[in-house]
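Inspection log for the structure reproduced underneath, given as structure tokens.
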């Protein structure tokens with residue numbers, strides 16, 4: 009059976025679950041510090057010119073784009089039946105032809121180029137001129153496609169919006185509604201904020217516990233505010249990092265399912281949400297916490313952004329930065345309740361978190377090697393031959409943290425805080441067990457690429473935490 013009418017398919021939001029204008033603009037901004045000003049200059053000359061400039065400068069890998077699997081499967085079936093397929097898109101021709109070549113489904117491409125922006129009525133006029141009124145079937149996804157559907161013989165709506173579907177059906181030619189393949193927006197946004205990662209911000213409570221101020225309601229309240237503020241800041245950075253790292257994430261077996269990489273959230277929404285979270289965090293910090301805490305929060309944000317943009321690509325610098333960011337949470341927790349940090353706590357934290365940072369890199373290197381990949385780890389400063397030395401440095405760092413804990417027991421200040429500091433020796437084998445277990449799990453290939461997520465799901469880790477707290481509690485109360 010051959011169809012007389014061609015099937016015209018939109019690209020952005022229909023064939024793929026993202027928008028190539030935002031993809032290229034976002035990539036350009038993250039690669040060029042002052043790129044936003046150049047974008048505004050190009051936009052002033054017209055949207056079509058903006059698209060052309062970006063398409064010429066920014067490379068997009070069509071093989072990694074988040075395609076709508078249901079639409080692709082249906083188009084393959086239509087192609088098998090002999091249907092003439094046309095890709096008609098407001099995206100620039102350079103990008104559209106790259107997608108068409110990758111898929112191998114389309115017979116021709118109609119796309120924006122020069123000063124021509126093929127969207128909405130402009131797209132309809134071109135299609136009607138070429139195929140006549142009711143001379144084509146059209147697959148689209150947005151309100152901009154309503155005039156195109158109106159002139160089509162049959163309309164195919166790729167959307168989950170009840171309002172749009174209702175407006176399209178009112179035109180009387182909707183043949184089918186296809187799922188857009190996206191997860192629910194609120195659920196995806198919550199996933200992008202990574203609330204499970206807020207557990208890392210529990211580190212702000214460590215100064216409260218180590219200074220034994222957990223009975224001070226004022227200090228507890230300030231520590232709680234610090235936790236929330238750090239959580240909002242961290243979530244804003246996670247979203248920014250996902251935007252910056254989207255190309256690398258799409259090559260990663262697990263990270264490709266993140267909301268922005270998978271196309272479940274639009275990049276435009278991401279660029280709106282992360283600054284909003286950040287402003288909210290700083291507003292709360294200025295309102296309720298000491299000015300020094302605001303400084304610590306600003307330092308944390310700047311270093312996390314620097315890590316996302318550049319530092320994570322530098323071997324050794326990346327793990328030192330990660331360890332420093334964990335330790336900075338502890339420093340901020342101390343500043344929030346205005347207590348001094350001890351040399352011992354800072355030393356213990358730095359060595360322990362350095363070990364965990366090395367675990368993270370080791371897991372990535374091992375996963376890449378196990379998948380048969382060689383050479384440089386994508387987006388990082390390591391090669392696969394670094395696997396053994398990364399492991400050695402990580403294990404050494406973990407054991408050094410236990411040494412610091414042992415030396416702390418002999419400090420004169422410890423005797424003032426604990427009635428029986430000798431009991432703290434029991435915490436040392438617990439830590440030795442945990443560090444050893446983490447690295448054994450990593451070497452066996454069972455480690456999640458985020459060791460904090462692993463620890464949250466690991467029963468043995470929770471037992472160690474409970475044992476650790478019990479040991480320190482007994483050392484304080486037993487005379």
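Residue numbers (this note's numbering): 9 to 487. Glycine is no exception: its CB is placed at the ideal position from the N, C-alpha and C atoms. Quick caveat, the model's predicted, so the values are computed rather than measured.
- Measuring C-alpha to C-alpha distances from residue 458 to each of 167, 426, 365 identifies 365 as the nearest.
- Minimum Cα-Cα distance from residue 384 among the listed residues 340, 426, 336, 323 corresponds to 323.
- The beta-carbon separation of residue 145 and residue 161, rounded to 5 Å, stays under the 8 Å limit for a contact.
- Annotated three-state conformation of residue 121 is strand, per DSSP.
- A straight-line Cα-Cα distance of about 23 Å links residue 426 and residue 408.
- Between residue 455 and residue 398, the gap from beta carbon to beta carbon reaches 8 Å or more.
- Counting only residues of its own chain and dropping the five nearest sequence neighbours on each side, residue 256 has a CB closer than 8 Å to the CB of 263, 386, 387.
- Boundaries of the beta strand (DSSP E) around residue 146: 145 to 148.
- Bounds of the beta strand (DSSP E) holding residue 164 are 162 to 166.
- Taking the Cα of residue 101 as reference, the smallest distance to any Cα among 174, 18, 49 is reached at 18.
- Here the C-alpha atom of residue 279 lies approximately 12 Å from the C-alpha atom of residue 35.
- Going by C-alpha positions, residue 216 is about 7 Å away from residue 228.
- Residue 89 counts as exposed, since fewer than 16 other beta carbons sit within 10 angstroms of its beta carbon.
- The three-state reading of DSSP puts residue 445 in helix, counting H, G and I together.
- Unbroken alpha helix (DSSP H) stretches of 4 residues or longer found wholly inside the segment 214 to 293: 214 to 218, 225 to 252, 254 to 257, given in chain order.
- For residue 461, the uninterrupted alpha helix (DSSP H) run begins and ends at 459 to 465, by DSSP.
- Counted as a single uninterrupted DSSP element, the beta strand (DSSP E) harbouring residue 96 occupies residues 93 to 100.
- The C-beta distance from residue 190 to residue 168 rounds to 7 Å, short enough to meet the 8 Å contact threshold.
- With distances taken between CA atoms, residue 20 lies nearest to 97 out of 97, 39, 105.
- Short of 6 Å from the beta carbon of residue 184, and not among the five residues preceding or following it, lie these beta carbons of its own chain, in chain order: 164.
- CA-to-CA, the gap between residue 287 and residue 465 works out to about 32 Å.
- When beta bridges are read from the DSSP output, residue 15 appears opposite 93, 145.
- The beta carbon of residue 63 is closer than 6 Å to those of 100, 102, 103 in its chain, skipping five residues each way along the sequence.
- Residue state for residue 308 is assigned as helix, using DSSP reduced to three classes.
- The residue from 71, 317, 209, 230 with its alpha-carbon nearest to that of residue 251 is 317.
- Using a 10 angstroms sphere on the CB of residue 226, the tally of other CB atoms stays under 16, which defines it as exposed.
- DSSP places residue 365 outside any beta strand (DSSP E); the residue lies instead in the alpha helix (DSSP H), whose first and last residues are 351 to 378.
- Boundaries cannot be given for residue 323, as no alpha helix (DSSP H) includes it and DSSP labels it neither H nor E.
- Taking all protein chains in view, the Cβ of residue 467 is surrounded by fewer than 16 other Cβ atoms within 10 Å, so the residue is classified as exposed.
- Segment contact: the segment 72 to 79 against the segment 41 to 54, fewer than three CB-CB distances shorter than 8 Å; contact not assigned.
- Taking all protein chains shown into account, residue 241 has 16 or more neighbouring C-beta atoms within 10 Å of its C-beta and is therefore buried.
- For residue 173, the enclosing alpha helix (DSSP H) has its first and last residue at 170 to 177.
- By alpha-carbon distance to residue 24, the top candidate from 38, 41, 69 is 69.
- A direct Cα-to-Cα measurement between residue 108 and residue 117 gives close to 8 Å.
- Between residue 313 and residue 245, the C-beta spacing is below 8 Å.
- Around the Cβ of residue 132, a 10 Å sphere holds 16 or more other Cβ atoms; the residue is buried.
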